[in-house]
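Top line first, the protein sequences correspond to chains A and B.
At position 23 of the first sequence the residue is numbered 52 (my numbering), and the sequence of numbers has no breaks.
At position 94 of the second sequence the residue is numbered 148 (my numbering), and the sequence of numbers has no breaks.
Notes to accompany the following structure.
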Amino acid sequence: MEDKDLLEKLRHPDSRNFGFNILVRTYQQRIYWHIRKMVIDHDDADDITQEVFIKIHKSIDAFRQDARLYTWIYRIATNECLNFLRRKKRRFFLPLGDVEGELSAKLTTSPYVSGDEVQLKLQKALLKLPDKQRLVFNMKYFDELSYDEMAEITRTSVGALKASYHHAVKKIEDFLKSD
Amino acid sequence: MGKLEDIPKKQIFSVPEDYFDKLPAEVQSRIPATPVDTPGRPVFRYALQYALPLIVIATILFFYIRPEADATSILATVDAEDLINYLHDSPMTTEDILENVDFYTGDLEAIENEVYDLELRDLDDEQIDVELNTL
Chain A
30 MEDKDLLEKL RHPDSRNFGF NILVRTYQQR IYWHIRKMVI DHDDADDITQ EVFIKIHKSI
90 DAFRQDARLY TWIYRIATNE CLNFLRRKKR RFFLPLGDVE GELSAKLTTS PYVSGDEVQL
150 KLQKALLKLP DKQRLVFNMK YFDELSYDEM AEITRTSVGA LKASYHHAVK KIEDFLKSD
Chain B
55 MGKLEDIPKK QIFSVPEDYF DKLPAEVQSR IPATPVDTPG RPVFRYALQY ALPLIVIATI
115 LFFYIRPEAD ATSILATVDA EDLINYLHDS PMTTEDILEN VDFYTGDLEA IENEVYDLEL
175 RDLDDEQIDV ELNTL
């Protein structure tokens, strides 16, 4: 279904629930995996994903069609992720390393993580990056978004995103070499 | 292994079974029910939206901005004959009335002119002399 048709359904009271159900089914996987890669834990990712869709439901009337629906949803998910990580650091008064340690431990203890040693090593290297840089890396490397799409989502310039990604790759490779 | 391209891209995270089948219902259950508009509801809403402020404004205007009716305008609505009868029956003496009533200068002049003009106009010289002599 085209975004235009979906939005029409979402804005009409009679078809709102139906339209929303389609929206969740269409975007749930992409949004969940985007969040999951940032917060690592399934339960946290599940909570945030649900929050994202509830926010979308609340503010769908405010969505202006100057952006694509997908990028708008992706942006909400990104903000929710960053807010979650920020709250986590603030709530426990943890230094950056401790949150990284907590997320890193989840990579080995969570029942829903099953990578080989190299994959886990890559994930641990990613956790060493600042949250925003990790986000940029995930969008480019795993989600394979174009820089233009990423710029639309993050409202950052393409040049800044390219620099951030290449910097992240270098840091990860340095980590992989040193370990 | 120091290069990123040497690492195969693989999804290492997984979800509980049927997670994505259940998620839409899970999300839907957390969405507050949309209020259904009954046919009478918009009328009630408009009544509250438009009529209520109008009633409030009208009340304010009635009690606070209404021009005060003064004694002159109230008396103007009373029939002259009724007024004379009232004053006649009233225990007030002429002195009391003169003391209490605040005559306008214009009214006083009019009364004076009416009295003198009438008397002077209606009487000829002889009659005036007679009247003056009887004083």
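C-beta: ideal position from N, C-alpha, C; glycine also.
Report the three-state DSSP secondary structure of residue i (helix, strand or coil).
i, result
"B:Phe67", "strand"
"A:Val53", "helix"
"A:Val142", "strand"
"B:Ile160", "Correcting the residue type first, residue 160 of chain B is Gly in the shown sequence and not Ile. Three-state result, B:Gly160: helix."
"A:Thr183", "helix"
"A:Leu156", "coil"
"A:Glu31", "coil"
"B:Ser144", "coil"
"A:Ala134", "helix"
"A:Gln79", "helix"
"A:Thr107", "helix"
"B:Glu135", "helix"
"A:Ala96", "coil"
"B:Val90", "A caution first: B:Val90 carries a pLDDT of 46, below 50, which makes its placement in the model too unreliable to give a value."
"A:Gly48", "helix"
"A:Leu174", "coil"
"B:Asp72", "coil"
"A:Asp43", "coil"
"B:Asp60", "helix"
"B:Asp150", "helix"
"A:Asp73", "helix"
"A:Ile60", "helix"
"B:Ile85", "coil"
Whole angstroms is fine: what's the gap from residue i's alpha carbon to residue j's?
i, j, result
"B:Thr92", "A:Val81", "Note that B:Thr92 has pLDDT 45, beneath the 50 cutoff, so the model's placement of it is unreliable and the number below is only indicative. Distance between the alpha carbons of B:Thr92 and A:Val81: 31 Å."
"B:Pro78", "B:Pro70", "15 Å"
"B:Asn154", "B:Tyr118", "29 Å"
"B:Tyr104", "B:Ile114", "16 Å"
"A:Leu158", "A:Phe92", "32 Å"
"A:Leu36", "A:Pro42", "12 Å"
"B:Ala112", "B:Asp143", "42 Å"
"B:Asn139", "B:Val132", "11 Å"
"A:Gln162", "A:Asp145", "24 Å"
"A:Ile83", "B:Asp60", "40 Å"
"A:Asp73", "A:Gln94", "30 Å"
"A:Cys110", "A:Gln58", "15 Å"
"A:Leu155", "A:Ser44", "42 Å"
"B:Ile85", "A:Pro140", "29 Å"
"A:Asp203", "B:Gly56", "7 Å"
"A:Asn46", "B:Asp72", "22 Å"
"A:Arg40", "A:Gly48", "9 Å"
"A:Asp32", "A:Asn50", "14 Å"
"A:Ile182", "A:Arg104", "5 Å"
"B:Phe81", "B:Phe74", "Looking at the sequence itself, residue 81 of chain B is Val, so the reference to Phe does not match. Approximately 11 Å, taken between the alpha carbons."
"A:Leu151", "A:Ile201", "7 Å"
"B:Leu58", "A:Val165", "15 Å"
"B:Lys63", "A:Val198", "14 Å"
"A:Arg116", "B:Phe116", "56 Å"
"A:Asp76", "A:Asn108", "14 Å"
"B:Pro107", "B:Leu129", "36 Å"
With a cut-off of 8 Å on the beta carbons, I'd call residue i and residue j a contact; round off their distance for me.
i, j, result
"B:Ile66", "A:Ser143", "6 Å"
"A:Leu9", "A:Asp160", "This structure does not reach residue 9 of chain A, given that chain A is present from 30 up to 208, and the question cannot be answered."
"A:Lys135", "A:Asp70", "5 Å"
Return yes when the C-beta of residue i is under 6 Å from any heavy atom of the ligand MG, and no when it is not.
i, result
"A:Tyr61", "Absence of the ligand MG is noted for the structure shown, with no ligands found whatsoever."
Original post:
Is there contact between the segment 156–175 of chain A and the segment 58–69 of chain A, where contact requires at least three CB pairs shorter than 8 Å?
Top reply: yes
Subject >> the segment 82–89 of chain A / the segment 178–194 of chain A touching (three or more Cβ pairs under 8 Å) >> reply: no
Original post:
Do the segment 49–59 of chain A and the segment 124–138 of chain A touch if we need at least three Cβ pairs shorter than 8 Å?
Top reply: no
Subject >> Inter-stretch contact (C-beta, 8 Å, three-pair minimum) for the segment 96–107 of chain A and the segment 175–185 of chain A >> reply: yes
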